[in-house]
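Right, one structure below, let's go through it.
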Amino acid sequence: MVLALILGLAMLAGGAYVAAYLVAGDRVPVGTTVAGVDVGGHSPPAAAQVLQQGLRQRASMPFTVVINGRSQQVRPEQVGLAVDYAASVRKAGAERSWHPARLWSYFTDGVAFQPVVTLDQNRLGRLLQRLDVSDGRTATDGGVVFRRHSFKVRPARAGYTVDPKAAGAAFWGAYLSHDPSVVLRLAPTAPAIGAATVHRFVRRFANPAMASDVALRFGSASVHLSPAEYGHLLVARRVGDRLRPAVQARPLVHLTRSDLAGSTRDRPQPATVVLDHGHPRVVPARPGLSFSSRDVARALLAAIASPRRHARVQPTPARARFTTADARGLGIHRTLSSYGVPVRRDARAAVQAAASRLDGVLLRPGQSLSLRGHLGSATPTGATGDSLATALFNAAWTGGLQVTTHTAGSSYTGSAPVGRDASLRAGRDLVVRDDTRYGVLVSATVEHGELSVSLWSTPRWTVSSQHGPRTHVVPAGRDVEPGPGCVPAPGRPGFRVTITRSFERAGHLDHTSSYTVGYSPVDAVACRGSHHPGHHHHH
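In our numbering, the protein residues as written are 245 to 783.
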């Protein structure tokens, strides 16, 4: 009976225990508040909802932020603050357990909790950056700016910035209060490059740099540069918390190059081909020195630092771009063609000057020679220019080269084969192109009153030139002029004519090329009362 009684009591107690478990379950203990919101007795999802409802107003209330006495509104989500409602409910004791202490606490505890608040550091960082831009100022590094004749010191300046730690704590503390306001202080920040660093740079580099000329040694040549020339190319570069001198290398190289223009002793010389006693000879390439922009810049800094104000530029051995083998490969062995034109005595000096500039021109396969482009301001004018153009044109035409630009004279004078004269008047040009796989060497000489142009290469074709019949003939008119100053002159008819050249190999015609020239008529001049009957009817 005692046993039955004990069992009965145990069952009664057990029943109550089960009932307590079923009531408590995983609910939040009765009387629990989170941030003053009563969430007791609810299941976790319901408690979270109740909490969200109760905190809605406070959780979204904007902060009043005061910086430098200026206030502005900032929303909590801009700060990156939010309430984790589910975690807050978990913290407030919602859990399912058979533990008697847990069951006991459910019915007896009524504890006040703080909610679980999350802070997004990235958002806070972005907000503080925005506040810094509007209210703070960045620290300005000291610096040195070089000009042509002098340099200017840019003073360092402290900055002011919002301290992120203090700001985070202030926002955190004010969140969910009934009047969230935050006062942020701007803390001074020191620049990386301060006044002492700038002063040291000025003393050690800037003052000596602008003190006097420097000399840079390029191989066997020297270049003297004044601070006025190189000053504006100097730079004070920030490296960590130091200022280091640097040079804008590219413009410096241009500057020294123009000064070195006269000195070619150390430069690599490309191979070439010259006529030596009437025979082509390959002149071998010669290696030389080249100077990289970095090495020139380095030497300038060394010269500024040296007590004697000069430094040697470290050379790099350089090979010529066009090698001896390249020159041999041009295959310049024999004469392709020659053409001579008589030169009037009064024009000899001008023709000689132009011929000496044309003499020795070397065309590589695919290269073009423009007479005007090559002679520039030394291009002869009038009849002199025409005779030079005619000589080169005929050498190119009969040598089988491509003629890309050519203009015949306006009327036919008979001084060259018909259609094969060439003119440089009125800005015209003559351009020939080496369209063979060999190189072409141009030789131009003036001897015994004749300008002779020859082309040297490896002949691939036998070239011959013919002209067709004259068509569209316009007879010359006749002007009769009175007076003693009249000079009678023959007339010249106008006509069109087509010139064709044939390319033969081993006696067989391979291809032809042709062009058409139109000449204008020129009136004859007859003198009234003159005794030159021979000039009246000239055919």
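Heads up, the beta-carbon is just placed ideally off N, CA and C, and yes, glycines get one too.
{"Check": "Can you tell me whether A768 is helix, strand or coil according to DSSP?", "Outcome": "strand"}
{"Check": "With a CB to CB cut of under 6 Å and the five nearest residues on each side skipped, what residues in its chain are close to P765?", "Outcome": "V718, A720, P737 and G738"}
{"Check": "For D503, which residues from the same chain have a beta carbon less than 7 Å from its beta carbon, with the 5 sequence-adjacent residues on both sides left out?", "Outcome": "V467"}
{"Check": "Which runs of the alpha helix (DSSP H), 4 residues or longer, sit entirely within the stretch 543-621?", "Outcome": "568-573, 592-602 and 615-619"}
{"Check": "Between S464, S537, S315 and V491, which has its C-alpha nearest I548's C-alpha?", "Outcome": "V491"}
{"Check": "How many angstroms separate the CA atom of R509 from the CA atom of I743?", "Outcome": "49 Å"}
{"Check": "Just the C-alpha distance for A453 and S464, rounded to the nearest angstrom, thanks.", "Outcome": "25 Å"}
{"Check": "Rounded to a whole number of angstroms, what is the C-alpha to C-alpha distance between F351 and A331?", "Outcome": "In this prediction, F351 scores a pLDDT of 47, lower than 50, which makes its location untrustworthy; no coordinate-derived value is stated."}
{"Check": "How big is the Cα-Cα spacing for R319 and T405?", "Outcome": "21 Å"}
{"Check": "Once you ignore the five residues that flank V675 on each side, which residues in its own chain have a CB closer than 6 Å to its CB?", "Outcome": "S612, S614, T648 and T649"}
{"Check": "For A480, collect the residues of the same chain with a Cβ closer than 7 Å to its Cβ; drop the 5 residues on either side in sequence, then sort them by chain order.", "Outcome": "G387, V388, F445, L487 and P489"}
{"Check": "Rounded to whole angstroms, what is the Cα-Cα separation between Y474 and V427?", "Outcome": "53 Å"}
{"Check": "When the Cα atoms are used, what is the spatial distance from A413 to D376?", "Outcome": "17 Å"}
{"Check": "Determine the direct distance from the alpha carbon of A591 to that of H523, and round the result to whole angstroms.", "Outcome": "29 Å"}
{"Check": "Suppose the cutoff is 7 Å on Cβ atoms and the five residues either side in sequence are ignored; what does the same chain contact list for R392 look like?", "Outcome": "A472, G475 and H476"}
{"Check": "According to DSSP, what are the bridge partners of Y763?", "Outcome": "F739"}
{"Check": "Give the DSSP-derived three-state secondary structure of Y404 in the structure shown.", "Outcome": "strand"}
{"Check": "Verify whether the separation of the beta carbon atoms of L363 and Y329 is less than 8 Å.", "Outcome": "no"}
{"Check": "Within a Cβ cutoff of 7 Å, which residues of the same chain sit near H286, ignoring the five residues on either side of it in sequence?", "Outcome": "R271, V272 and V294"}
{"Check": "For the ligand PLP, is there a heavy atom less than 7 Å away from the beta-carbon of S696?", "Outcome": "The ligand PLP is not part of this structure, which contains no ligands at all."}
{"Check": "Starting from the C-beta of T756, find all residues in its chain whose C-beta is less than 6 Å away, skip the five residues before and the five after it, and write them out in chain order.", "Outcome": "T744 and S746"}
{"Check": "Helix, strand or coil for T516, going by three-state DSSP, please let me know.", "Outcome": "strand"}
{"Check": "Tell me I311's beta-bridge partners as DSSP assigns them.", "Outcome": "R314 and L428"}
{"Check": "Quick one: grab the DSSP three-state call for D630.", "Outcome": "helix"}
{"Check": "For L460 versus L368, is the C-beta distance shorter than 8 Å?", "Outcome": "no"}
{"Check": "Which partner residues of A459 appear in the DSSP bridge assignment?", "Outcome": "H468 and H554"}
{"Check": "Measure from the alpha carbon of H716 to the alpha carbon of each residue in P728, G735 and V741, then state which is nearest.", "Outcome": "V741"}
{"Check": "Just to confirm before moving on: does the CB-CB distance between D379 and R314 stay below 8 Å?", "Outcome": "yes"}
{"Check": "Taking a contact to mean a Cβ-Cβ separation below 8 Å, would you say R537 touches V497 in this structure?", "Outcome": "Per the sequence shown, residue 537 should be read as Ser rather than Arg. Against a cut-off of 8 Å, the Cβ pair of V497 and S537 comes out as a contact."}
{"Check": "Which of the three DSSP states, helix, strand or coil, is assigned to G532?", "Outcome": "strand"}
{"Check": "What is the DSSP secondary structure of W416, reduced to helix, strand or coil?", "Outcome": "helix"}
{"Check": "Are the beta-carbon atoms of S655 and Y759 separated by less than 8 Å?", "Outcome": "no"}
{"Check": "Straight-line CA distance for L753 to R677?", "Outcome": "22 Å"}
{"Check": "Identify whether P289 lies in helix, strand or coil by the three-state DSSP scheme.", "Outcome": "helix"}
{"Check": "If distances are taken between C-alpha atoms only, which option among L580, A402 and A431 comes closest to V697?", "Outcome": "L580"}
{"Check": "Return helix, strand or coil for T382, following the three-state DSSP convention.", "Outcome": "coil"}
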